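Engineer:
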Amino acid sequence: MQTGWLWLSAFAAVAALAGGAQGQGLSREFYNATCPALQAVVRRGVARAVRREPRMGASILRLFFHDCFVNGCDASVLLDDVPGNFTGEKNAGPNANSLRGYEVIDAIKAQVEASCNATVSCADILALAARDAVNLLGGPSWTVPLGRRDTRNTSAGAANTNLPPPDAGLPTLLSMFRAKGLDARDLTALSGAHTVGRARCAVFRSHIYNDSAADTAFAAGLRASVCPAAGGDGNLAPLEPQAPDAFDNGYFRDLVARRVLLRSDQALYGAGNGTTDGLVRAYAANGTAFAADFAAAMVRLGGLAPASGSGGEVRLNCRRVN
Ligand code: HEM
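With mature numbering (1 follows the signal peptide of the UniProt record, and there is no 0) applied, the sequence shown covers -23 to -1, 1 to 299.
(1) Going by C-alpha to C-alpha distance, which of Phe195, Val237, Asp222 and Arg182 sits closest to Asp210?
(2) Indicate the three-state DSSP secondary structure (helix, strand or coil) for Asn74 in the structure shown.
(3) Closer than 7 Å: is that where the CB of Gly115 sits relative to any heavy atom of the ligand HEM?
(4) Can you pull the DSSP bridge partners for Glu290?
(5) Classify Val59 as buried or exposed, calling it buried when 16 or more other Cβ atoms lie within 10 Å of its own Cβ.
(6) Taking only the alpha-carbon atoms, compute the straight-line gap between Ser36 and Ala156 and give it to the nearest angstrom.
(7) Taking only runs of the alpha helix (DSSP H) that begin and end inside the segment 187 to 221, which ones reach a length of at least 4 residues, in chain order?
(8) When you compare the CB positions of Arg77 and Ala104, do they come within less than 8 Å of one another, or not?
(9) Using 8 Å as the threshold, is the C-beta distance between Val173 and Leu114 below it?
(10) Measure from the alpha carbon of Ala136 to the alpha carbon of each residue in Asn74, Gly169 and Asn48, then state which is nearest.
(11) What first and last residue would you give for the beta strand (DSSP E) that runs through Arg175?
(12) Does any heavy atom of the ligand HEM sit closer than 7 Å to the C-beta of Arg21?
(13) State the beta-bridge partners of Ser4 as determined by DSSP.
(14) Sort out for me which residues DSSP pairs Val23 with in a bridge.
(15) Below 8 Å on the Cβ atoms is my contact criterion, and I expect Gly169 with Asn226 to pass it. Report the Cβ-Cβ distance as a whole number of Å.
(16) When you compare only the Cα positions, how much space is there between Gln88 and Ala95?
(17) Three-state secondary structure (DSSP) at Thr138?
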């Protein structure tokens, strides 16, 4: 009798945690018993990828953002299209020929499956990998709440409407973040992710040709070197040229100097909003304050839950549903 009750309680607790992954209740201990090697395996996999190519740290961080902003952090972004049957997010406007790092997550997932079969969601692996990527590039670390489930469906349309475009002005950015429960401080801190990584000429051309908000010499330099008025769409420039692979607060100093690539970046500073202007100045002056706010905002970003409620699965292969 007592054993039965205990068993039922244990079952209820596990069910609550699993359900909570779709809603609120993630837990830092979620895999302590079922996959104790998880965190070490993920970190090793990210470290290997970043050693091979430092930019990959930035790419994994962006992958996590694009997962979470589209129906919550449910590994929706990792699903491959199935011609004639399923069109996912990978070829949506903000992601096609741009989002990268899928193979790194595949390799880590394979390692995790080898030690903990059918236990750890792809969404949780991506959340841990993003944290490790930031830390390996010199940024902060934080504890990642775990217990997410992988979705069984998504759509390109959801990615097209939820992800902010590079020509967005501040009102659009604020309202797109507010729609996710994230405020101006979250937006400003999370945008600091652009202290690492690269962008294509196609996404920053309008800012350096048509936008008086950009520093004149900075824009002229880019026009002459990597981003012609026509052609060269895929040419890359670092989002933060001083230290493009170091996760520091250089991005905020660039914002104050008006030397950033994207119109959506510059919108955070000098567009007449005292709140974001003040935050940018504070982060430019104090890297520790930026690191703390970035870590806290990443936990909030990672808490975005799928709207679909309970359900989902632990995918065996991150590219397709079971
Ligand atoms: C605030 C609105 C944002 C906009 C409009 C935006 C837009 C973009 C664009 C257009 C690129 C370049 C893509 C390309 O050239 O193909 C990019 C790169 C990047 N974004 Fe964002 N982004 C935003 C916020 C974020 C956030 C919140 C994060 C992470 C927390 C993030 C992380 C990154 C990283 C790390 C890269 C470089 C990726 C690489 O080198 O592979 N972005 N972003």
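In this text, a Cβ means the ideal position worked out from N, Cα and C, and glycines have one as well.
Predicted model only: the values in this text are computed from it and were never measured.
Structural biologist: Looking at the coordinates:
(1) Numbered from 1 along the sequence shown, position 233 holds the residue referred to as residue 210. The shortest C-alpha separation from Asp210 is found at Arg182.
(2) Position 97 of the sequence shown holds residue 74. In this structure, Asn74 counts as coil in the three-state DSSP scheme.
(3) For the purposes of this step, residue 115 is identified with residue 138 of the sequence shown, where counting begins at 1. Not so, every heavy atom of the ligand HEM lies at least 7 Å from the Cβ.
(4) Reading the sequence shown from its first residue, position 313 is the one you call residue 290. Per DSSP, Asp127.
(5) As a first step, residue 59 is located in the sequence shown; it is residue number 82 there, counting from the start. Per the 10 Å Cβ criterion, exposed.
(6) Here residue 36 is taken as the residue at index 59 of the sequence shown, counted from 1. Here residue 156 is taken as the residue at index 179 of the sequence shown, counted from 1. If I take the Cα positions, the gap works out to 24 Å.
(7) 193 to 202
(8) The residue you call residue 77 lines up with position 100 of the sequence shown. The residue you call residue 104 lines up with position 127 of the sequence shown. No, the pair does not count as a contact, with Cβ atoms beyond the cut-off.
(9) The count along the sequence shown starts at 1 and reaches residue 173 at position 196. The count along the sequence shown starts at 1 and reaches residue 114 at position 137. Against a cut-off of 8 Å, the Cβ pair of Leu114 and Val173 comes out as a contact.
(10) Indexing the sequence shown from 1 puts residue 136 at position 159. Looking at the Cα atoms, Asn48 is the closest of the given residues.
(11) Within the sequence shown, the letter at position 198 stands for residue 175. Taken as a continuous stretch (DSSP letters only), the beta strand (DSSP E) holding Arg175 covers Arg175 to Arg177.
(12) Reading the sequence shown from its first residue, position 44 is the one you call residue 21. Flag unset: Cβ of Arg21 not near the ligand HEM.
(13) Translated into the one-based positions of the sequence shown, residue 4 becomes position 27. According to DSSP, Ser4 bridges with Leu123.
(14) Here residue 23 is taken as the residue at index 46 of the sequence shown, counted from 1. Partner(s): none; Val23 has no beta bridge.
(15) Within the sequence shown, the letter at position 192 stands for residue 169. Within the sequence shown, the letter at position 249 stands for residue 226. About 7 Å; that satisfies the 8 Å criterion.
(16) On the sequence shown, position 111 is the one that residue 88 refers to. On the sequence shown, position 118 is the one that residue 95 refers to. Answer to the nearest angstrom: the Cα atoms are 12 Å apart.
(17) Here residue 138 corresponds to residue number 161 of the sequence shown, with the count starting at 1. Reduced to three states, the DSSP call for Thr138 is helix.
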